[in-house]
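Residue 52 is where the sequence shown starts when you use this note's numbering, and the numbers rise one by one after that.
Virtual Cβ for every residue (Gly too), placed ideally from N, Cα, C.
In this text the structure is predicted, and so the values were computed from the model without any measurement.
In what follows, a structure is listed as structure tokens, so that the remarks can point back to it.
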Amino acid sequence: MTIITRRLAILLLIVSIAGPFAAPAQAQEESYGYLWQLEFDFAHDFNGLLTIHVGPWENGDLVEVDATSQERVACKRVGPVYLDSGDAVFNGGYLRCTMDLARIVANNHGLDIAPVDSYGSILMQSRLIANQTDVMPIFSHPDADYTIDFALTSAVTPAQTLWNGAGLLQHTFPGVVGMTWQTYTYEYRCAWLGACDAEFEVGPHSETKPTLGDRVQFHTGPQTFYIGYDGANTFSGRMDRVLIDPGNSVH
Numbered sequence: 052m053t054i055i056t057r058r059l060a061i062l063l064l065i066v067s068i069a070g071p072f073a074a075p076a077q078a079q080e081e082s083y084g085y086l087w088q089l090e091f092d093f094a095h096d097f098n099g100l101l102t103i104h105v106g107p108w109e110n111g112d113l114v115e116v117d118a119t120s121q122e123r124v125a126c127k128r129v130g131p132v133y134l135d136s137g138d139a140v141f142n143g144g145y146l147r148c149t150m151d152l153a154r155i156v157a158n159n160h161g162l163d164i165a166p167v168d169s170y171g172s173i174l175m176q177s178r179l180i181a182n183q184t185d186v187m188p189i190f191s192h193p194d195a196d197y198t199i200d201f202a203l204t205s206a207v208t209p210a211q212t213l214w215n216g217a218g219l220l221q222h223t224f225p226g227v228v229g230m231t232w233q234t235y236t237y238e239y240r241c242a243w244l245g246a247c248d249a250e251f252e253v254g255p256h257s258e259t260k261p262t263l264g265d266r267v268q269f270h271t272g273p274q275t276f277y278i279g280y281d282g283a284n285t286f287s288g289r290m291d292r293v294l295i296d297p298g299n300s301v302h
């Protein structure tokens with residue numbers, strides 16, 4: 052065997068060994084994706100549970116789940132907030148939370164995600180009861196803000212604001228009393244390469260509205276967000292569940 056032949060054989064051996072472990076990052080990003088959801092149940096503490104799914108990705112959809120991981124997202128109580136029988140009780144206080152989604156996805160799954168990512172939908176759901184007639188924040192993040200207007204005693208108006216050009220989206224539900232337990236669901240969603248709409252649900256009532264916005268833009272680096280506070284106003288009442296669940300092109 053000549054020197055050139057031997058060198059070629061050694062090179063082929065190295066490539067065959069290293070190949071599966073040295074795939075270019077760009078190729079991985081094109082074929083692999085992730086989904087996440089953050090849930091607060093207030094059963095034992097104020098922290099949230101972040102669940103991440105990763106797997107093959109095609110045309111805005113996660114084709115299948117190859118791996119799943121979970122992490123606790125730390126939240127600090129600020130002011131008068133306490134736990135009672137599985138509820139978080141807000142009385143002028145709020146929760147301040149921090150999450151570094153990109154770091155968690157990289158640490159748990161070895162997947163590098165963009166500093167600002169694009170989601171085809173985002174769902175927020177909460178079960179709560181208010182004890183004041185006022186506009187109250189539920190979830191406040193630099194890229195997604197959700198509030199409920201309880202100012203009318205015989206109607207509620209949930210609203211959402213997203214960092215994607217859609218602006219303020221809201222709908223009033225007459226006949227719904229905010230000072231009783233209700234499940235509130237908001238979902239903004241975009242068809243793959245298509246139009247977007249916003250759906251609001253309060254108990255059995257629902258309303259869907261077309262929007263002029265685009266896909267949801269969301270910062271994945273270290274972010275601070277709040278539950279029950281928007282920088283000026285606070286929520287007053289009880290919450291027993293909060294869910295934040297961004298999705299792909301069809302949630």
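Where does residue i land, buried or exposed, given buried means 16+ other C-beta within 10 angstroms?
i: Gln121; result: exposed
i: Ser257; result: exposed
i: Trp232; result: exposed
i: Pro297; result: buried
i: Asn158; result: exposed
i: Ala246; result: exposed
i: Leu89; result: buried
i: Gly143; result: exposed
i: Tyr170; result: buried
Excluding five sequence neighbours on each side, which residues of the same chain lie with their C-beta closer than 6 Å to the C-beta of residue i?
i: Ala343; result: The structure shown does not extend to residue 343, since the chain is modelled only from 52 through 302, so no value can be given for it.
i: Gln211; result: Tyr197, Leu220 and Tyr237
i: Pro261; result: Asp248
Thinking C-beta only, is residue j closer than 8 Å to residue i?
i: Tyr235; j: Ser191; result: no
i: Thr275; j: Arg147; result: yes
i: Tyr280; j: Ile173; result: no
i: Val293; j: Phe91; result: yes
i: Val105; j: Gly84; result: yes
Indicate whether at least one CB of chain B lies closer than 8 Å to the CB of residue i.
i: Glu109; result: In the displayed structure, chain B is absent; only one protein chain is listed.
Of the choices the options, whose alpha-carbon is the least far from that of residue i?
i: Tyr145; options: Met187, Asp248, Ser82 and Leu100; result: Met187
i: Ala195; options: Val267, Thr184 and Pro225; result: Val267
i: Leu213; options: Gly264, Asp117 and Gly161; result: Gly264
i: Leu113; options: Asp135, Trp87 and Thr223; result: Trp87
i: Gly130; options: Ser287, Val227, Asn299 and Arg292; result: Ser287
Ignore the nearest five residues each way along the sequence and tell me which others in residue i's own chain have a CB closer than 7 Å to its CB.
i: Pro225; result: Ser205 and Ala206
Take residue i and list the residues in its own chain whose beta-carbon comes closer than 8 Å to its own, dropping the five residues that flank it on each side.
i: His160; result: Tyr85, Ile103, Val105, Ala118 and Ser120
Next on the checklist: My parser needs the beta strand (DSSP E) runs of 3 or more residues fully inside the stretch 272-301; what are they?
Outcome noted: Segments of the beta strand (DSSP E) lying fully in the stretch 272-301: 273-278 and 287-298.
Checklist entry - Considering only residues of the stretch 233-262, which uninterrupted beta strand (DSSP E) runs meet the minimum length of 3 residues and lie entirely inside it, listed in chain order? => result As far as the stretch 233-262 is concerned, its whole beta strand (DSSP E) runs of at least 3 residues are 233-241, 247-253 and 256-262.
Item to check | Segments of 4+ residues assigned as alpha helix (DSSP H) that fall wholly inside the stretch 179-227 | outcome: DSSP runs (the alpha helix (DSSP H)) wholly in the stretch 179-227: none.
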